[in-house]
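These notes concern the structure reproduced below.
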Amino acid sequence: MTLSRNALFLLIGLLVLGLRAVSYALYQEKKQPEGVEISVGKNGLSIKEK
1 MTLSRNALFL LIGLLVLGLR AVSYALYQEK KQPEGVEISV GKNGLSIKEK
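If you count by my numbering, then the sequence shown holds residues 1 to 50, one letter each, in order.
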């Protein structure tokens, strides 16, 4: 199966876009949320601003 040059560039472009989308999704998942953290522990209620 031979691919034309344009089809090859399209395939590479789609792979790059897919990689960027996955990288961004992983970044968003690992990023610490901004705002206020509320936790309940043995010392009672704790509220911290991030």
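Where a beta carbon is used, it is the ideal one built from N, C-alpha and C, also for glycine. Note that the coordinates shown come from a computational prediction; the quantities given were computed from them, not determined experimentally.
Boundaries of the beta strand (DSSP E) in which residue i is found, first to last residue
{"i": "residue 46", "result": "44 to 49"}
{"i": "residue 41", "result": "36 to 41"}
Supposed close pair residue i, residue j - CB separation, criterion 8 Å
{"i": "residue 47", "j": "residue 36", "result": "6 Å"}
CA-to-CA distance, residue j to residue i, given in whole angstroms
{"i": "residue 28", "j": "residue 18", "result": "15 Å"}
{"i": "residue 23", "j": "residue 16", "result": "10 Å"}
{"i": "residue 31", "j": "residue 42", "result": "27 Å"}
{"i": "residue 33", "j": "residue 21", "result": "20 Å"}
{"i": "residue 45", "j": "residue 26", "result": "31 Å"}
Host alpha helix (DSSP H) of residue i (start-end)
{"i": "residue 29", "result": "5 to 30"}
Sequence-distant residues of its chain with Cβ nearer than 6 Å to residue i (five each side left out)
{"i": "residue 38", "result": "47"}
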